[in-house]
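**Q**
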Amino acid sequence: MEGSAHTTAPSAQVQAAYSYCEAVTGTQARNFAYGIRLLPADKRQAMSALYAFSRRVDDIGDGTLPPDAKLARLEETRALLGRVRSGAVDEDDTDPVAVALAHAARRFPIPLGGLDELIDGVLMDVRGETYATWDDLKTYCRCVAGAIGRLSLGVFGTTAGAGPRAEHASAYADTLGLALQLTNILRDVREDAGNGRTYLPAEDLAKFGCDPADFRTGRLPASADFAGLVHHEVRRARALFAEGYRLLPLLDRRSGACVAAMAGIYRRLLDRIEREPDAVLRGRVSLPTHEKAYVAVRGLSGLDARTITRQSTRRRTR
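Basically the numbering used here = 1-based index in the sequence shown + 1.
Have a look at this one:
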């Protein structure tokens, strides 16, 4: 089923399943929703199906069930994904997310194995894994975010003019996912600490004298260089953004606008964190709605895509 072409208009049952997924996306996706509204209907529906399935996986990991129950639920979700992959889900299935995802996978060459990787990443959360080095954390980020970038590329596709560069598109999408996830990690430092999770690499924490136990209260000793830690991770995220933005010229206008809008929101969020590192210790940093809408408009006009591409090119040629 993966990768097969399918252009038939959705039946009423499938359309209802997509509508359910779009409702989930609209109420829970926050930043994601601002990007995908720039897509044509078929791609927007497919992205909503991907989001709704991913949201289900994330909600299991973030929920209140005991770890053993979470592990069982995640394996049940993996089995459902297997049914989607094998073509065992039809439009009369009672699970709207499965119905929409199965139809999307017939419409577009979506590499559904990326959702297996997402489940693997959430399993790491359930097991309470921590990360000694950036390479360790990068493995986690590739599962929970890089995989989403590659799944999305299956929906977007690349332009005919991409030529030989198209073979690099998957790697760029993966890297852009890492940039977004590292930005998320910085934004959620205090919230994650309150939930007993530490994502930042232990070697980085030690280098800047930071104990994640202090993140729960937001009060760090004078010896801790929290600003230095944040700026270190911001530089890493910026390098990932610069590499990942090389994807934009390989996409059609509306897909590029979608990516530019989503990435632009996170890039502006990263700017805010860089200007005021201590803000993440007080609570979640976010952009106001009007600023997200502005970024989306710039994405649709192509302004952010052109600006980002020029900036990335300059960085690579320095």
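For each residue, glycine too, the CB sits at the ideal point set by N, CA and C. Quick caveat: nothing in here was measured; it's all calculated off a predicted structure.
Taking C-beta to C-beta, are Ala238 and Leu271 nearer than 8 Å?
**A** Yes.
**Q** The alpha helix (DSSP H) with Ala264 in it runs from where to where?
**A** 254 to 276
**Q** Sort Thr28, Ala34, Ser49, Leu40 by Cα distance to Gln16 and report the nearest one.
**A** The residue from Thr28, Ala34, Ser49, Leu40 with its alpha-carbon nearest to that of Gln16 is Ser49.
**Q** Using the rule of at least 16 other Cβ atoms within 10 Å of the residue's Cβ for burial, across every protein chain shown, is Leu51 buried or exposed?
**A** buried
**Q** DSSP three-state call for Tyr21: helix, strand or coil?
**A** helix
**Q** Straight-line CA distance for Thr184 to Tyr132?
**A** If you draw a straight line from the Cα of Thr184 to the Cα of Tyr132, it is about 16 Å long.
**Q** Buried or exposed for Lys208, please, with buried defined as at least 16 other CB atoms from any protein chain shown within 10 angstroms of its CB.
**A** exposed
**Q** Would Ala99 and Val85 qualify as a contact pair, given that the criterion is a beta-carbon distance under 8 Å?
**A** Cβ atoms of Ala99 and Val85: closer than 8 Å.
**Q** Leaving out the 5 sequence neighbours to the left and right, which residues in its chain are closer than 8 Å to His233 when beta-carbon positions are compared?
**A** Asp205, Lys208, Phe209
**Q** Find out if the Cβ-Cβ distance for the pair Leu187, Ile266 is shorter than 8 Å.
**A** No.
**Q** Applying the 10 Å Cβ sphere with the 16-neighbour rule, what's the burial state of Ser87?
**A** Exposed.
**Q** Which value, in whole angstroms, describes the spacing of the CA atoms of Tyr19 and Ala214?
**A** 42 Å
**Q** So which of Arg107, Val190, Ala167 has the shortest CA-CA distance to Asp253?
**A** The residue among Arg107, Val190, Ala167 with its C-alpha nearest the C-alpha of Asp253 is Ala167.
**Q** Return the chain-ordered list of same chain residues with a C-beta closer than 6 Å to the C-beta of Tyr173, the five sequence neighbours on each side being excluded.
**A** Gly245, Arg247, Leu248
**Q** Would you tell me roughly how many angstroms separate the C-alpha atoms of Leu282 and Arg57, rounded to the nearest one?
**A** Leu282 and Arg57 have their alpha carbons spaced roughly 28 Å apart.
**Q** So, at 8 Å on beta carbons, what are the nonlocal neighbours of Ala294 in its own chain, with the 5 sequence-adjacent residues on each side left out?
**A** Excluding the 5 residues flanking it on each side, Ala294 has same chain C-beta neighbours closer than 8 Å at Tyr35, in chain order.
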